[in-house]
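Enquirer:
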Amino acid sequence: MSRVPSLGNALNAGRSVIEEARAQEITFLAASTAYYSFVSLIPLLLLAFIVVSFVAGDQFATQVVNQASGLLTATGQSELRQFITDPTGRGGTTIIGLVVLIWSAIKVFRGFDEAFSAIYTTDAKTGIADQVKDALLVLAAIGVGVVILVLAGAATALFPQFPFVGVVATVVQLVALVPVFLPVYVVFPDADVSIREALPGAVLATVGWTILQVLFRVYAAASSTGPSQFLGTALLLVTWLYFASILVLLGGVVNVVLANRGSYAERTKDPEERRIERKQELLSQYMTDDDESAPDIVELRDELRELRADVESFEEDIESRTVEKPEVESELKQYVRKRLRRGHARGWGPYLVLLYGTLMTLGAFFWLEEFWAIFAMGVVWLSTLGLYALMVMLGFGVGVLTLPSRISDRIGNFRS
Numbered sequence: 034m035s036r037v038p039s040l041g042n043a044l045n046a047g048r049s050v051i052e053e054a055r056a057q058e059i060t061f062l063a064a065s066t067a068y069y070s071f072v073s074l075i076p077l078l079l080l081a082f083i084v085v086s087f088v089a090g091d092q093f094a095t096q097v098v099n100q101a102s103g104l105l106t107a108t109g110q111s112e113l114r115q116f117i118t119d120p121t122g123r124g125g126t127t128i129i130g131l132v133v134l135i136w137s138a139i140k141v142f143r144g145f146d147e148a149f150s151a152i153y154t155t156d157a158k159t160g161i162a163d164q165v166k167d168a169l170l171v172l173a174a175i176g177v178g179v180v181i182l183v184l185a186g187a188a189t190a191l192f193p194q195f196p197f198v199g200v201v202a203t204v205v206q207l208v209a210l211v212p213v214f215l216p217v218y219v220v221f222p223d224a225d226v227s228i229r230e231a232l233p234g235a236v237l238a239t240v241g242w243t244i245l246q247v248l249f250r251v252y253a254a255a256s257s258t259g260p261s262q263f264l265g266t267a268l269l270l271v272t273w274l275y276f277a278s279i280l281v282l283l284g285g286v287v288n289v290v291l292a293n294r295g296s297y298a299e300r301t302k303d304p305e306e307r308r309i310e311r312k313q314e315l316l317s318q319y320m321t322d323d324d325e326s327a328p329d330i331v332e333l334r335d336e337l338r339e340l341r342a343d344v345e346s347f348e349e350d351i352e353s354r355t356v357e358k359p360e361v362e363s364e365l366k367q368y369v370r371k372r373l374r375r376g377h378a379r380g381w382g383p384y385l386v387l388l389y390g391t392l393m394t395l396g397a398f399f400w401l402e403e404f405w406a407i408f409a410m411g412v413v414w415l416s417t418l419g420l421y422a423l424m425v426m427l428g429f430g431v432g433v434l435t436l437p438s439r440i441s442d443r444i445g446n447f448r449s
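Per our numbering, residue 34 is the first one in the sequence shown, and the count goes up by one each step.
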């Protein structure tokens, strides 16, 4: 008998999570976060390449040339070896990579901060110290999470002879990732969130990231190697970052729903409306309480008169705020334009990305040829307009998948 209410509660909670996710538009927030995460990977890989080439030198160059021997001519192999071993120009490349990496990382942390503030309907932190503290905390958490994923995948690949190595690595990964995600759901919301309240979201993000990592591992094992696989792998990485960001934000929505903080409409309700509803609820409980004696008629009449006065005051306030139709249309148009402008990129970020793409394009046309020219074109396309187009297509696909449910909701609202 106890399973029926729990099943009903689970269905209600799932329905509430879906409604909250739609109201908060977490897919749009996740797309912007995935974009800046992908952009930050390019300078990160470049810096790692420079550091390894500086430390290893000729040995690293020999390994890279041997791996790319089937894709490059003899001239291309010679130029690649010279690029790795020649230290000229590494200083400028390192500085540019650090600047782009720091800028992208700040955008990622700022996006998560604003997303969690929107989910919990709180004001985002504006202090530099708070932002730096949150950024360092999340950087450490995400870094540890990525290291755990990589170690689990490496253990599965390096020790295939051991039985159940994949299952053991997955279980260890699940146990280790939960405390890694907990600081994200405790610090970012800018609200009083306990560890117990943050635990469901951390578990959801852990399970989701583990499933994504397993799918990525299966694809990597089944895919073939060659130049044609570069774009496919890059697109898969962007998609992985997109769904990973959705899972992190969805964990915050789950925490809000399970903590019974109320729906988005209730959390943004006017305080005056809350006070009147609370008073009506208390009056109703007082009138229907059978354990106590009947209320005094005079007191009840006074409370009812006060309640009517509050309702009349509320109606007058609503009437004073009512405007004519042309004014409403004008304000709505201004609001829509403002929301559209908020969705556009602002500041120096777009110009830096365009400058980065332009320099990469000129360099590819001037210095590179054959495979490396194609590689550079792929990086430029995925770093600027192509990635934006990919996010638009993903958003359109999600909209098409949710179209039947929206149509059914419209029909249900029309019938009611």
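Idealized CB from N, CA, C, for every residue including glycine. Predicted model, so just to flag it, every value in this text is computed and none were measured.
Short of 7 Å in beta carbon distance, which residues of its chain neighbour G241, apart from the five on each side in sequence? Order them along the chain.
Expert: Taking the sequence shown and counting its residues from 1, one reaches residue 241 at position 208. L280, listed in sequence order.
Enquirer: Of the choices V433, L215, S438, whose alpha-carbon is the least far from that of L282?
Expert: Locating residue 282 in the sequence shown gives position 249, counting from the first residue. Nearest option by C-alpha distance: L215.
Enquirer: Would you say the segment 267-275 touches the segment 226-238, given that touching needs at least three Cβ pairs under 8 Å?
Expert: With a cut-off of 8 Å, the segment 226-238 and the segment 267-275 do not count as touching, because too few Cβ pairs lie within range.
Enquirer: State the CB to CB distance for the pair G134 and S73, rounded to an integer number of angstroms; the pair is presumed to be in contact (CB under 8 Å).
Expert: For this step, residue 134 is matched to residue 101 along the sequence shown. For this step, residue 73 is matched to residue 40 along the sequence shown. According to the sequence provided, residue 134 is Leu. The question's Gly does not apply to it. That belief holds up - the Cβ atoms of L134 and S73 are roughly 6 Å apart, short of 8 Å.
Enquirer: Whose C-beta lies closer than 6 Å to the C-beta of V431 among residues of the same chain, with five residues either side of it excluded?
Expert: Taking the first residue of the sequence shown as position 1, residue 431 is located at position 398. Closer than 6 Å at Cβ, skipping near neighbours: T60.
Enquirer: What is the rounded straight-line gap between the Cα of K302 and the Cα of T154?
Expert: Counted from its first residue, the sequence shown places residue 302 at position 269. Counted from its first residue, the sequence shown places residue 154 at position 121. For K302, the predicted model reports a pLDDT of 49, less than 50, meaning its position is unreliable; a value from the coordinates is still stated below. So the alpha carbons of these two residues sit roughly 11 Å apart.
Enquirer: Work out the CA separation of Q206 and I181 for me, nearest whole Å.
Expert: Along the sequence shown, one-based indexing puts residue 181 at 148. Along the sequence shown, one-based indexing puts residue 206 at 173. Their Cα atoms are separated by approximately 6 Å.
Enquirer: Is Y275 closer than 8 Å to L427 when the C-beta atoms are compared?
Expert: Start at 1 with the first residue of the sequence shown, and residue 427 comes out as number 394. Start at 1 with the first residue of the sequence shown, and residue 275 comes out as number 242. In contact: L427 and Y275 (Cβ atoms closer than 8 Å).
Enquirer: Alpha carbon to alpha carbon, what distance is there between L340 and R334?
Expert: Here residue 334 refers to the residue found at position 301 when the sequence shown is read from its first residue. Here residue 340 refers to the residue found at position 307 when the sequence shown is read from its first residue. Distance between the alpha carbons of R334 and L340 is about 10 Å.
Enquirer: CB V290 to CB E53, shorter than 8 Å?
Expert: What you label residue 290 is simply residue 257 of the sequence shown in a count that begins at 1. What you label residue 53 is simply residue 20 of the sequence shown in a count that begins at 1. Yes, Cβ-Cβ distance for V290 and E53 is below 8 Å.
Enquirer: To the nearest angstrom, how far is the alpha carbon of A138 from that of E360?
Expert: Indexing the sequence shown from 1 puts residue 138 at position 105. Indexing the sequence shown from 1 puts residue 360 at position 327. Whole-angstrom Cα-Cα distance: 42 Å.
Enquirer: Go ahead and pull the three-state DSSP assignment for F195.
Expert: The residue given as residue 195 occupies position 162 in the sequence shown. Looking at F195 - three-state DSSP - the assignment turns out to be coil, as it is neither helix nor strand.
Enquirer: P212 by DSSP, collapsed to three states: which one?
Expert: The sequence position of residue 212 within the sequence shown is 179, counting from 1. Three-state result, P212: helix.
Enquirer: Alpha carbon to alpha carbon, how far is A148 from V177? Give it in angstroms, no decimals.
Expert: For the purposes of this step, residue 177 is taken as the residue at position 144 of the sequence shown. For the purposes of this step, residue 148 is taken as the residue at position 115 of the sequence shown. Their backbone Cα atoms lie some 22 Å apart in a straight line.
Enquirer: Which same chain residues, not among the five before or five after G144, have their C-beta less than 6 Å away from its C-beta?
Expert: The sequence position of residue 144 within the sequence shown is 111, counting from 1. Within the same chain, G144 has close Cβ partners S65, T66.
Enquirer: Can you tell me which of L392, D223, P222, K166 puts its alpha carbon nearest to the alpha carbon of I129?
Expert: Mapped onto the sequence shown, residue 129 falls at position 96. That would be L392, whose Cα lies nearest to the Cα of I129.
Enquirer: Would you report the Cα separation of V204 and L210, rounded to the nearest angstrom?
Expert: The residue labelled residue 204 in the question sits at position 171 within the sequence shown. The residue labelled residue 210 in the question sits at position 177 within the sequence shown. Answer to the nearest angstrom: the Cα atoms are 10 Å apart.
Enquirer: At the level of alpha carbons, what is the spacing between F404 and W136?
Expert: For the purposes of this step, residue 404 is identified with residue 371 of the sequence shown, where counting begins at 1. For the purposes of this step, residue 136 is identified with residue 103 of the sequence shown, where counting begins at 1. Cα to Cα, the separation comes out at about 29 Å.
Enquirer: Does DSSP put V226 in a helix, in a strand, or in coil?
Expert: Translated into positions along the sequence shown, residue 226 becomes position 193. Reduced to three states, the DSSP call for V226 is coil.
Enquirer: With 16 other CB atoms within 10 Å as the buried threshold, where does F142 fall?
Expert: Against the sequence shown, residue 142 aligns to sequence position 109. Buried: at least 16 other Cβ atoms inside 10 Å.
Enquirer: How far does the alpha helix (DSSP H) with F447 in it reach, from first residue to last?
Expert: Working through the sequence shown from its first residue, we reach residue 447 at position 414. Here the alpha helix (DSSP H) through F447 covers 436-448.
Enquirer: My guess is that K140 and Y69 are in contact by the Cβ rule of under 8 Å, so how many angstroms apart are they, rounded?
Expert: Start at 1 with the first residue of the sequence shown, and residue 140 comes out as number 107. Start at 1 with the first residue of the sequence shown, and residue 69 comes out as number 36. Going by Cβ atoms, the distance from K140 to Y69 rounds to 4 Å, so yes, they are a contact pair.
Enquirer: Could you give the distance in angstroms between the alpha-carbon of D323 and the alpha-carbon of Y218?
Expert: Counting from 1 along the sequence shown, the entry for residue 323 is found at position 290. Counting from 1 along the sequence shown, the entry for residue 218 is found at position 185. Since pLDDT at D323 reaches only 48, below the 50 mark, its modelled position is unreliable, and the value read off the structure follows with that caveat. When rounded, the distance between both Cα atoms is 44 Å.
Enquirer: Is the beta carbon of A231 sitting closer than 8 Å to the one on N293?
Expert: Residue numbering aside, residue 231 sits at position 198 when the sequence shown is read from its first letter. Residue numbering aside, residue 293 sits at position 260 when the sequence shown is read from its first letter. Taking 8 Å as the Cβ cut-off, A231 and N293 do not qualify as a contacting pair.
Enquirer: In this structure, does DSSP put V431 in helix, strand or coil?
Expert: Mapped onto the sequence shown, residue 431 falls at position 398. Looking at V431 - three-state DSSP - the assignment turns out to be helix.
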